[in-house]
Structure formats: C-alpha cells, structure tokens
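A.B. asks: Sequential numbering from 1 applies to the sequence shown in full-length UniProt numbering.
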Amino acid sequence: MSAPATPNSENLYARAREVMPGGNTRTTVYRKPHQIYAWRGDGCRITDVDCHVRIDALGNFTSLIHGYGNRQILEAATRQLEAGTCFGMPTESEIRLSEILCDRLPSVEQLRYTNSGTEAVMNAIKAARAYTGRPKIAKCEGAYHGTYDPAETSQDATPATWGDIDRPGSVPTAKGTPQGVLDDVVVIPFNNTPVAEAILRASGNSLAAVLVDVMPNRAGLVPAKPEYLAMLRRVTRELGALLILDEVITFRLGYNGAQGRFDIDPDFTTLGKIIGGGFAIGAIGGRAEVMSVFDPSKGPPAVPHGGTFSANPMSMSAGIAALEELTPAAFEKLEALGDRFDQGIGACFARHGIKGQVAGLGSLRRVHLTDAPLSDYRSTFAADGAARVSALAKALFDEGVIIAGNGLMAFSTAMEDADIDEIVRAFDRALLPFAS
Numbered sequence: 001m002s003a004p005a006t007p008n009s010e011n012l013y014a015r016a017r018e019v020m021p022g023g024n025t026r027t028t029v030y031r032k033p034h035q036i037y038a039w040r041g042d043g044c045r046i047t048d049v050d051c052h053v054r055i056d057a058l059g060n061f062t063s064l065i066h067g068y069g070n071r072q073i074l075e076a077a078t079r080q081l082e083a084g085t086c087f088g089m090p091t092e093s094e095i096r097l098s099e100i101l102c103d104r105l106p107s108v109e110q111l112r113y114t115n116s117g118t119e120a121v122m123n124a125i126k127a128a129r130a131y132t133g134r135p136k137i138a139k140c141e142g143a144y145h146g147t148y149d150p151a152e153t154s155q156d157a158t159p160a161t162w163g164d165i166d167r168p169g170s171v172p173t174a175k176g177t178p179q180g181v182l183d184d185v186v187v188i189p190f191n192n193t194p195v196a197e198a199i200l201r202a203s204g205n206s207l208a209a210v211l212v213d214v215m216p217n218r219a220g221l222v223p224a225k226p227e228y229l230a231m232l233r234r235v236t237r238e239l240g241a242l243l244i245l246d247e248v249i250t251f252r253l254g255y256n257g258a259q260g261r262f263d264i265d266p267d268f269t270t271l272g273k274i275i276g277g278g279f280a281i282g283a284i285g286g287r288a289e290v291m292s293v294f295d296p297s298k299g300p301p302a303v304p305h306g307g308t309f310s311a312n313p314m315s316m317s318a319g320i321a322a323l324e325e326l327t328p329a330a331f332e333k334l335e336a337l338g339d340r341f342d343q344g345i346g347a348c349f350a351r352h353g354i355k356g357q358v359a360g361l362g363s364l365r366r367v368h369l370t371d372a373p374l375s376d377y378r379s380t381f382a383a384d385g386a387a388r389v390s391a392l393a394k395a396l397f398d399e400g401v402i403i404a405g406n407g408l409m410a411f412s413t414a415m416e417d418a419d420i421d422e423i424v425r426a427f428d429r430a431l432l433p434f435a436s
C-alpha cells in the first residue's frame, strides 16, 4: 500500500520548521519526509488532519490504557476544569489518588507527585542519595528511565562503546554529559545474575541505589528472570543500598503493577503514564521511612521538591477515574487481547516464513524480526534488525496501524477482539516484503 496523501500535515510541518528545531518537539514522534499531525482520537483510533483514520496500538507510548474519549475520565476532567485547573494550594484529589495507589501497591505507604516519569525517577535517585548518604546508582544497560543524565546513561550503548560484559562502560546518551555524572553510574547487564551481582558488590559502600525496570522496552521488552530480581533485592539489602523499581510503563501489567506480578518489594517505586488518565503526571512512592527525606514538616527537608504543576487537580482527577476503571476484569480483558495478538502474529510469521517473535506480557508487546534468543540489551541489539523493524512500523502506519518504531505496542481497554484482528490483518499485509 502506498502512503496516503497528507497535504495538511505537510503544510503544518512547513510552519513547524520555522519555530521548532527540525519542526519537532518530541524526538519519538519525528517522521520523514514530514510529521503526521493528529486531529482527534476516538476509542482506539486516531484521525489525522487529513482525515485518515488509524488504529492506535501504542496509546501515546503506553500512557492511554483506556484509549480516547473514556466517558468516566472525560466527566471527571470536565468537572475539574470547571472548578479550576491548578492552584497554589493542595486539593483533596491528590489524597484520593494516593489512597488508591497505596492500596494497590503494598510497598508504597506514601507518595509525592511530579509531572512526568522522568521527574519521578530523578527524584527517586536524589532521595536514595539523601537517605543513604552515598553518591552512586546502578542501572541496567540499555534500559530507558527518562532523560535525567544519570538515568539515561548507557541506554543507547553500542558494541563500539559498551565495553566487556563483566564490566560495562558508562556511556553518555547526550553529548556534553559531564564525566563526573558517568563516574557515579554503575552499569550492570540485565538478566545476567552472577555478573551483575559481582559488579554491585564491587561498588560496596558507595552505592546508593539500584534502578531497575522488570521489563525494559529499550532492552527488548524481555521480562526479568525471577532469580535476577531476587538477587537485586538481596544484594541491595546486604549493601545498605535501596532498590528503585521503575513502574512508569509496567504498572499497567496488573492490578498490583509489575511488583505484584513479579513478587518484588522495592524501596521506591516510580510511576507515570497511565496514572494520569491522559494528563501529564509522575509519582514517586515508598515506605514512610524512605519518603521522609521529602518531609518539610520538621524543617527544611533533605530533598526539597516543588513543581508548579505537581499534583495539579486535572491530572489527579483524571487519574482517579482512570484507576477506578482499571478493575481486575479490565486487566483480564487486556491480558486476553495480548494473547490474541500473540496467536495472530505468530500465524502471520509462519504463513510468510518469517523468523519473528513477540516479547512482553499483558497489554505490552514488542515485535522482533528474529527468532534468536533474547535476554538482555546486547542480545536484542545483536539479533534485531532495527532498520527492518522501523520499516515494518512505517508500513503498518500506511496500513492504518500505529506502533512504535522499535516494534513496541500497548493495547487499551477501548479495544475489542475485532480490533486486534484488524491489527493482525494489517501486519499480514505489511509483512509481505519481509517474507523469505
């Protein structure tokens, strides 16, 4: 299928280039020869400014678990919009959202809000350093945790820069990252239990925290091995370091988040995306003891934290509605949609003789055009033809389905079996050029 005509998007992009670098303000949505501009969303579909309709199988990069136009979220947001969008005062809505999250996450007793997952991770790192009095953090190679300098270290490492597997290098993502920042980041391989443990123990008393995502997208969306997570929890306790679990994306894996599904008990949990009901949000939560570094009630806190729009009532109110809609039954539906996609895409691979596989769990999936075993960032990097997956994503876009350029997908409660079947049919057509 040839790309549909998009003259209105082309004209908007020409305007954008005059006022934004490259005509873009989100690198993740940049497209050539020009960007495609959204007009409106309805259910699980987006209509662009040229009136082309596509199934959104990404949900603004996993944040829209209920799709577009959910009635309960719209009503909650409208009520708050009429009452006031933001105040230089707290509101009851932040208490209610916190109560819901604390109820669902046994490891979380208290929370503070930010405006993005990046900010949540940033404050978790600062809090861990303040609580332990130590400078270094450890993170998994290839894992994405936002755009804070320490958190983004080695998220895009290459064979030319990543070093030996038993001593991965701290590789900057943004040019100009200070060497001092890199020196305080310990990089460990994902899912390699003995090597990661040895690296952590070598850091000894200088380690403030280990930052981990149990199913990191940039590292392949491969789930963590139980023994790997158990090691991280055991070793951090033995070293006196804290364990930060990044659930900005993976909270959508179940009613009790990824930590409930993987049976892990972190010190800090970072959240974002789906807990805002489509509005900007982030949160850091943990035990009252470790969260006390933010407490201003007894004088200046160890970690001062404000933010003009932190805990704004629009995000809080929409988030409450979104979580109230995320019932156990909703998660069962999402699980079934993911399973249905797996079966359908598996049949497509077999029909076309394509070596492919799907990683992920629940409502999160990532398509790989390889049958090689995947366990971590390096195995994914070596096996994946990134250019081929990107080409597949572009072909799917022309076929009427939106996925990420690396093959990531996120299903929503707005979808039904028929939508998954339509997605699979689009894959069937888009995969033809990749057939053996």
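Even glycine gets a Cβ: it sits at the ideal position worked out from N, Cα and C.
As the structure is a computational prediction, the values presented were derived from the model and not from experiment.
Determine which residues share a DSSP beta bridge with Y113 and list them.
C.D. replies: The partner list for Y113 (beta bridge, DSSP) reads A283.
A.B. asks: Extract the residue ranges of the beta strand (DSSP E) inside the region 101-188, only unbroken runs of 3 or more that lie entirely within it.
C.D. replies: Fully enclosed beta strand (DSSP E) runs of 3 or longer: 110-114, 136-140, 185-188.
A.B. asks: Would you tell me roughly how many angstroms separate the C-alpha atoms of I65 and G22, rounded to the nearest one?
C.D. replies: About 30 angstroms.
A.B. asks: Considering only C-alpha positions, which residue in the set T118, R45, S203 is nearest to L239?
C.D. replies: Nearest option by C-alpha distance: S203.
A.B. asks: If you drop the 5 nearest sequence neighbours on each side, which residues of the same chain put their C-beta closer than 6 angstroms to that of G344?
C.D. replies: If we look at G344 and ignore the five residues flanking it on each side, its Cβ neighbours are V424.
A.B. asks: Would the region 296-309 count as touching the region 322-333 if we require 3 or more Cβ pairs under 8 angstroms?
C.D. replies: No, the region 296-309 is not in contact with the region 322-333.
A.B. asks: Closer than 7 angstroms by C-beta to I73: which residues in its own chain qualify, once you throw out the five before and the five after it? Chain order, please.
C.D. replies: Hits under 7 angstroms: H66, G277, G278, A318, A321, A322.
A.B. asks: Would D142 pass as a contact of A157 if the rule is Cβ separation under 8 angstroms?
C.D. replies: Per the sequence shown, the amino acid found at residue 142 is Gly instead of Asp. Yes, the pair counts as a contact, with Cβ atoms nearer than the cut-off.
A.B. asks: May I ask you to report which of helix, strand or coil DSSP gives D50?
C.D. replies: D50: coil per DSSP, three-state reduction.
A.B. asks: What first and last residue would you give for the alpha helix (DSSP H) that runs through T78?
C.D. replies: 71-83 is the span of the alpha helix (DSSP H), which, as asked, contains T78.
A.B. asks: Quick check on residue 525: buried or exposed, where buried means 16 or more other Cβ atoms within 10 Å of its Cβ?
C.D. replies: Past the edges of the chain, shown from 1 to 436, lies residue 525, and the structure says nothing about it.
A.B. asks: According to DSSP, what are the bridge partners of F268?
C.D. replies: DSSP lists I244, G286 as partners of F268.
A.B. asks: Excluding sequence positions up to five away, which residues of its chain have a Cβ less than 7 angstroms from the Cβ of L334?
C.D. replies: G362, S363, F411, T413.
A.B. asks: Does chain E have any CB closer than 8 angstroms to the CB of G385?
C.D. replies: No chain E appears in this structure, which consists of one protein chain only.
A.B. asks: Sorted by chain position, which residues of the same chain lie with C-beta nearer than 7 angstroms to D419's C-beta, five sequence neighbours on each side aside?
C.D. replies: So the list reads C44, I55, once near-sequence residues are dropped.
A.B. asks: Give the straight-line distance between the Cα atoms of E352 and L431, rounded to the nearest whole angstrom.
C.D. replies: Going by the sequence as given, residue 352 is His instead of Glu. Each residue's alpha carbon lies about 8 angstroms from the other.
A.B. asks: Using only the alpha-carbon positions, how far apart do D417 and L337 sit?
C.D. replies: So the two alpha carbons sit approximately 7 angstroms from each other.
A.B. asks: What first and last residue would you give for the beta strand (DSSP E) that runs through R41?
C.D. replies: In the sequence as presented, Arg is not what sits at residue 41; that position holds Gly. G41 -> beta strand (DSSP E) spans 38-42.
A.B. asks: Given a cut-off of 8 angstroms, decide if A127 and Q248 are closer than it, judged by their beta-carbon atoms.
C.D. replies: Per the sequence presented here, residue 248 reads as Val, with Gln not at that position. No, these two residues do not count as a Cβ contact at 8 angstroms.
A.B. asks: Span of the alpha helix (DSSP H) holding M316?
C.D. replies: Residues 313-325.
A.B. asks: What are the boundary residues of the beta strand (DSSP E) that L364 is part of?
C.D. replies: 364-368 is the extent of the beta strand (DSSP E) around L364.
A.B. asks: Pick helix, strand or coil for M409, following the three-state DSSP scheme.
C.D. replies: Note: M409 maps to strand in three-state DSSP.
A.B. asks: Can you grab the Cα-Cα spacing for the pair C348 / A219, in whole Å?
C.D. replies: When rounded, the distance between both Cα atoms is 24 angstroms.
A.B. asks: From G163, A174, T177, pick the residue whose C-alpha is nearest to that of P189; which is it?
C.D. replies: The shortest C-alpha separation from P189 is found at G163.
A.B. asks: Here's the rule I'm using: 16 or more other beta-carbon atoms within 10 Å means buried, otherwise exposed. How should N205 be labelled?
C.D. replies: So N205 ends up on the exposed side.
A.B. asks: Run through DSSP, which three-state label would Y68 get?
C.D. replies: Here Y68 sits in strand by DSSP.
A.B. asks: For L221 and L408, which I take to be in contact (beta-carbon distance under 8 angstroms), what is that distance rounded to the nearest angstrom?
C.D. replies: Contact holds; Cβ gap of about 7 angstroms.
A.B. asks: Since A138 contacts L211 with CB under 8 angstroms, what's their CB separation in whole angstroms?
C.D. replies: Their Cβ separation, rounded to whole angstroms, is 7 angstroms, which keeps A138 and L211 in contact under 8 angstroms.
A.B. asks: Spatial neighbours of I46 within its chain, please: CB distance less than 6 angstroms, with the 5 preceding and 5 following residues excluded, ordered by chain position.
C.D. replies: Around I46: A38, R54, D56.
A.B. asks: According to DSSP, residue 437 sits in a beta bridge with which residue or residues?
C.D. replies: With the chain running from 1 to 436 in the structure shown, residue 437 is simply not present.
A.B. asks: Since A120 and A280 should fall inside the 8 angstroms C-beta cutoff, what is the C-beta to C-beta distance between them, to a whole number of angstroms?
C.D. replies: With a Cβ gap of about 12 angstroms, A120 and A280 do not count as contacting.
A.B. asks: Evaluate A393 with the Cβ neighbour count: other Cβ atoms within 10 Å of its Cβ, from every protein chain shown; 16 or more gives buried, anything less gives exposed.
C.D. replies: With 16 or more other Cβ atoms within 10 Å, it is buried.
A.B. asks: Would you call the region 224-239 and the region 81-98 touching, i.e. three or more CB-CB distances under 8 angstroms?
C.D. replies: Short answer: they don't touch.
A.B. asks: Which residues in the same chain have their Cβ closer than 6 angstroms to the Cβ of A16, if we skip the five residues on either side of it in sequence?
C.D. replies: Same-chain partners within the cutoff: G23.
A.B. asks: Measuring straight from C-alpha to C-alpha, what distance separates N70 and A350?
C.D. replies: Rounded to whole angstroms, N70 to A350 spans 37 angstroms at the Cα level.
A.B. asks: Short check: CB of T6 to CB of D50, under 8 angstroms?
C.D. replies: Yes, these two residues count as a Cβ contact at 8 angstroms.
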